[in-house]
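Count along the sequence shown from 1, then add 262; that gives the number in the numbering used here.
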Amino acid sequence: MYRVAIISYHTSPLASLGGAETGGLNVYVRELAAELAERGHTVDVFTRRTDADSPTTLPISEAGSSSPLARVVQITAGPPRYEEKALLPAYVDDFAEGVANFVAEEGVSYDIIHSHYWLSGLASEKLKARWRVPHIAMFHTLGEVKARSRVSEREPEPRIAAETAISRNADRIVVASKDEQQLLVRYYGADADRISVVPCGVNLGLFQPIDKEEARKQLGLREDDKILLFVGRIEPLKGVDI
């Protein structure tokens, strides 16, 4: 079994969903950590502290269970409060140093570093050099793609430069689709052979097929209502207006 360090620098998997910076990535990291732990691996998720009064470590548990599967480790880097994402690059070095210090104090080591988002990737490259273990990166969104879509503000050049470096230096990159794999190769010069396409999974304990008529009844919809379903945060990049 492996000991895995998951890096989710800019947002916690335990954060409340639906905010400006909380959504699918948080759910993905939480569910991944829980499932890896369920399969026998030891998992620590490192994130930046945003509450000075909260404990350093917090459990990740299945709903209704008090048995922790994995844990979240909160590292102080910058002010212990919510900060705009644009300010977070300044604290990456402090975060990586804080993770390294926590791990040294615990007397543990990791077999794999798995980063989520480019800021986490930057911290993970520093930890990789220190610990000499493989770094598996997942971006979730790409700055160059967002910039070309022209539906959001121009992404800062440091982000795109960082994504380029991570794409070329990470031991492996995980993407959710072949389209994303092709975008990484086209825009970032990533090696296609080091990219693994792993479609997002589904929590079957939460999402299960049910009878359509019953579903409509639960939602208070008539049988002849035309329904267009969207799941996600309301933001321009997701194309809700289409």
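Virtual Cβ for every residue (Gly too), placed ideally from N, Cα, C.
| Query | Result |
| --- | --- |
| Bounding residues of the alpha helix (DSSP H) (the contiguous stretch that carries Q444) | 440-450 |
| Pick from D473, T426, D441 that is closest to A452, judged by C-alpha positions | T426 |
| R343 in three-state terms, based on DSSP | coil |
| Contact test: H402 Cβ vs the ligand ATP heavy atom, cutoff 7 Å | Looking for the ligand ATP in the displayed structure turns up nothing, as the structure carries no ligands at all. |
| Three-way DSSP call (helix, strand, coil) for K500 in this model | helix |
| is_contact[E293, chain C] using C-beta, thresh 8 Å | Absent here is chain C; the protein component of the structure consists of one chain. |
| Best match in R484, P418, G494, A423 for proximity to A210 [C-alpha to C-alpha] | The question about residue 210 has no answer here: the residues shown for the chain are numbered 263 through 504. |
| C-alpha distance - L294 paired with L404, whole-angstrom precision | 21 Å |
| Extent of the continuous beta strand (DSSP E) run through T338 | Note, T338: premise wrong, no beta strand (DSSP E); not H, not E. |
| Touch test, the stretch 374-382 against the stretch 267-280, Cβ-Cβ under 8 Å, three pairs minimum | yes |
| Same chain, Cβ closer than 7 Å to A362, five either side skipped, listed in chain order | L389, R392 |
| Given S411 as reference, the closest of L446, T318, K500, Y353 once Cα atoms are compared | K500 |
| Range covered by the alpha helix (DSSP H) that runs through S386 | 380-393 |
| Length of the line joining the Cα atoms of V365 and N465 | 31 Å |
| Separation of T338 from F357, as counted between CA atoms | 7 Å |
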